[in-house]
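Numbering (the numbering used here), first residue to last: 893 to 963. Reading through the structure tokens given below for one structure.
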């Protein structure tokens with residue numbers, strides 16, 4: 893019975909990992925399409941915009957950037 897539970901956990905973990913990778917891949921392609929459509933493929937503009945948006949998403953909830961200290 894223990895081996896069966898271990899196998900189920902392993903399969904569940906692999907399924908979750910695959911799902912996350914596929915979501916990330918879809919988002920990546922979607923944002924790449926938006927980059928080409930809105931900015932003509934200028935990766936510099938979207939990189940700067942992504943950095944600014946990321947910092948705002950980290951700062952807005954609690955008003956500081958303590959999350960970056962963990963890096």
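Think of the CB as a built atom: it goes at the ideal place given N, C-alpha and C, for glycine as much as any other residue. This structure is a prediction, so every number in the text was calculated from the model and none was measured.
Is residue i helix, strand or coil by DSSP?
| i | result |
| --- | --- |
| residue 874 | For residue 874 there is no data in the structure shown, the boundaries of the chain being 893 and 963. |
| residue 923 | helix |
| residue 941 | helix |
| residue 957 | coil |
| residue 952 | coil |
| residue 918 | helix |
| residue 932 | coil |
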